[in-house]
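Read through the structure below, which is laid out as structure tokens, and then see the notes.
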Amino acid sequence: MFALRTKTLTHMMTIEDFRQFFSERLAKELGAAESARKSTIFKAVLVWVLAVPLGIVATWGITKLMGAEHLIAVAILVTLVFGFVAYMFWKEVLSSRHFYNLFKGRVIDGIIRFVDERLHYIPHRYIPPATLVKSRLFALPIHQYEGDDYCFMQLENGTSLEFSEVHAKSIEKKDNKKEFVPVFDGLFAHIHCSEPRIGDLYILPKGMTEADLYQPGRLQSHTTENSEFDQNFTVYASSLAAARKYLTPQLIEALLQFRREHPERTVLLATHGKEVYVGITCKSHLFEPDVWQPLTNVSALEEFFIDVSALMRLLRAAANLSGSPVQVEAQPA
7 MFALRTKTLT
17 HMMTIEDFRQ
27 FFSERLAKEL
37 GAAESARKST
47 IFKAVLVWVL
57 AVPLGIVATW
67 GITKLMGAEH
77 LIAVAILVTL
87 VFGFVAYMFW
97 KEVLSSRHFY
107 NLFKGRVIDG
117 IIRFVDERLH
127 YIPHRYIPPA
137 TLVKSRLFAL
147 PIHQYEGDDY
157 CFMQLENGTS
167 LEFSEVHAKS
177 IEKKDNKKEF
187 VPVFDGLFAH
197 IHCSEPRIGD
207 LYILPKGMTE
217 ADLYQPGRLQ
227 SHTTENSEFD
237 QNFTVYASSL
247 AAARKYLTPQ
257 LIEALLQFRR
267 EHPERTVLLA
277 THGKEVYVGI
287 TCKSHLFEPD
297 VWQPLTNVSA
307 LEEFFIDVSA
317 LMRLLRAAAN
327 LSGSPVQVEA
337 QPA
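Numbering (my numbering), first residue to last: 7 to 339.
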């Protein structure tokens, strides 16, 4: 793994910083992943290149033994058998973890640590569904759930942070038919704060109400002195003290900045005592390597960097993340 340059914990990396980082360091890792991708495709194609002549030879040999009158039947049988075997080998080659681990373990891990070098990355893990339920941000039950790109941070002061990509769906019956209804698609984060915190606070996009929450409790709506914020967000809190204490000017500005940069996206936030939950929606999976597509699409990597940076900006505004990291063992890619 390459070393990341030292940076202060309060400095947010810009897209220009990322492009410089890409040209100086990440391009080399991307080159190694691209070589692995091409090698994987070559091996997969080679399976079929070998399967065809082997099938012809097998058909000829069996026909010689059984007689020419069985040629058509033998040809069909050999085609089915060799076709199935070749297909299974082909799929096995394409599903090899080498290319996936190389891309995720070097390229994506490099981007995440560039955003904040205290973050640790486990590509195949994700936020558990119980965390979404505990946030009380979603009234619908979760029946289908998947995710990946799990990141976590542990600080010496006792604060811990985790986030991952999450795709949650609920099953609803309509006209005697079951269909999946999206609950949440995007990046979801959970912070356990070290300092004592009081009350419940929800910050929702305009249009959502208490009815969209899961067991919200006794809440009151609150407005701020920021007209732009009040036009785009709805605030519910268990007390005026909780609203004033945790809806800080820094958090208001971070939410507005996200709204200005991503007007088509939704951001949700809830705090319950020491627990803070933040979700930002995405339409599809953030970045999954496709063995059939070249890895030269830098813009897709930039979008991933922007999404993770936006989430971390919101998390820093919602809770104090200025502490020093706890030294933990390296996690598997």
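C-beta atoms are modelled at their ideal positions from N, C-alpha and C, and glycine is treated no differently. These numbers were taken from a predicted model, which means no experiment stands behind them.
Shown here for residue 184: same chain residues with a beta carbon closer than 6 Å to its own, the five before and five after excluded, namely 177 in chain order. Distance from the CA atom of residue 242 to the CA atom of residue 317, rounded to whole angstroms, is 21 Å. Residue 181 carries a coil assignment under DSSP once its states are collapsed to helix, strand and coil. For residue 171, the secondary structure class from DSSP, reduced to helix, strand or coil, is strand. For the 8 Å CB-CB criterion, residue 240 and residue 210 form a contact. Contiguous alpha helix (DSSP H) elements confined to the region 126-162 occur at 135-141, taking only those with 4 or more residues. Buried is the label assigned to residue 121, since at least 16 other Cβ atoms lie within 10 Å of its Cβ. DSSP, read as helix, strand or coil, puts residue 222 in coil. The alpha-carbon separation between residue 248 and residue 141 amounts to approximately 16 Å. Shown here, residue 304 sits in a helix according to DSSP, grouped into three states.
Judged by DSSP secondary structure, residue 255 falls within the alpha helix (DSSP H) whose first and last residues are 255-267. Residue pairing by DSSP places residue 239 opposite 211 in a beta bridge. Bridge partners of residue 227 according to DSSP: 242.
About 5 Å separates the beta carbons of residue 32 and residue 116, which is inside the 8 Å limit, making them a contact pair.
DSSP, reduced to helix, strand and coil, places residue 317 within a helical segment of the structure shown. Contact annotation: residue 180 and residue 149 have beta-carbon atoms that are not nearer than 8 Å. Following the DSSP letters along the chain, one finds residue 116 inside the alpha helix (DSSP H) bounded by residues 115-121. According to DSSP, residue pairing for residue 286 in a beta bridge involves 193, 273. DSSP places residue 201 outside both helix and strand once states are collapsed to three, so it counts as coil. The continuous alpha helix (DSSP H) containing residue 25 extends over residues 21-27. Cβ-Cβ distances below 8 Å link residue 313 to 193, 286, 288, 292 in the same chain, with the five nearest sequence neighbours on each side left out; the list follows chain order.
When 22, 153, 278 are compared, the shortest CA-CA separation from residue 223 is found for 278. Cβ contact annotation for residue 153 (same chain, cutoff 7 Å, sequence separation greater than five): 132, 133, 170, 171, 172, 173, in chain order. Taking a contact as a CB-CB distance under 8 Å, the pair residue 167 and residue 261 does not count as one, their CB atoms being some 18 Å apart.
Cβ neighbours of residue 250 within its own chain (closer than 6 Å, five residues either side excluded): none. Residue 258 holds the alpha-carbon nearest to the alpha-carbon of residue 236 among 221, 325, 258, 196. Excluding the 5 residues flanking it on each side, residue 163 has same chain C-beta neighbours closer than 6 Å at 200, 329, in chain order. Within the same chain, and ignoring the five residues on either side of residue 234 in sequence, the residues whose Cβ sits closer than 7 Å to its Cβ are 262.
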